[in-house]
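I have placed the structure first, in the form of structure tokens, so that the comments after it can refer back to it.
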Amino acid sequence: MIREIHIDDIPDVLPLYISYYNEVEDCCWNDNTAGRRIHQVLSMEDSYGLIYEKDDQVVGFAMGFFKQYDDIIGYTLEEIVISKKYQNQGLGSVLLNELEQRVKERGASCVELHAVNDEMHEHYYGKAGYYTANNLVMKSKWFE
1 MIREIHIDDI PDVLPLYISY YNEVEDCCWN DNTAGRRIHQ VLSMEDSYGL
51 IYEKDDQVVG FAMGFFKQYD DIIGYTLEEI VISKKYQNQG LGSVLLNELE
101 QRVKERGASC VELHAVNDEM HEHYYGKAGY YTANNLVMKS KWFE
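In UniProt numbering, the protein residues as written are 1 to 144.
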């Protein structure tokens, strides 16, 4: 079952988020940092996301927010996470397709996201029809 995610769902998605990022992406999330990250996204104005449950177990979720531009509304996908146990079974594609359909119905003209620049992410998003924009570049500045 795929349904809209809410702030009350944070305790249910927190272990999945920490496990995925720490085991697959070699990060160092904990309950405090991951809980804060998820809460920040879910509590912002115009946030929207979905939670994917299978046999009463959370297997994935996606979250982001609608963003107004001058003449369109875009949707910024901040996170999409599928439990390591359920990866490579098409569940991420199902969740992403459902998210795209629902945000389009709510007025979004596009979905935008930042992704890690590696083969796995290129394959996943490329398969879903996303492309690397050549006219945009992500800029960062680290403070000393």
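Even for Gly, the Cβ is constructed at its ideal location relative to N, Cα and C.
Treat the numbers as computed from the prediction; the structure is a model and nothing was measured.
By DSSP's criteria, residue i is part of a beta bridge. Which residues make up the other side?
i: residue 16; result: Paired residues: none, contrary to the question.
i: residue 4; result: 50
i: residue 113; result: 77
Residue i lies in the beta strand (DSSP E); which residues open and close that run?
i: residue 144; result: Where residue 144 is concerned, there is no enclosing beta strand (DSSP E), given that its DSSP letter is neither H nor E.
i: residue 81; result: 73 to 82
If contacts are defined as beta-carbon pairs under 8 Å, then residue i and residue j qualify, I think. What distance do you get, rounded to the angstrom?
i: residue 18; j: residue 30; result: 7 Å
i: residue 49; j: residue 62; result: 5 Å
i: residue 64; j: residue 77; result: 4 Å
i: residue 115; j: residue 125; result: 6 Å
Specify, as a first and last residue, the run of the alpha helix (DSSP H) that residue i falls within.
i: residue 124; result: 119 to 127
i: residue 62; result: From DSSP, residue 62 is part of no alpha helix (DSSP H) but of the beta strand (DSSP E) over 57 to 68.
i: residue 36; result: 31 to 43
DSSP three-state call for residue i: helix, strand or coil?
i: residue 104; result: helix
i: residue 96; result: helix
i: residue 23; result: helix
i: residue 139; result: coil
i: residue 131; result: coil
Is residue i a contact residue of the ligand NAP, with contact defined as CB to any heavy atom under 7 Å?
i: residue 45; result: For the ligand NAP, the structure offers nothing, since it holds no ligand at all.
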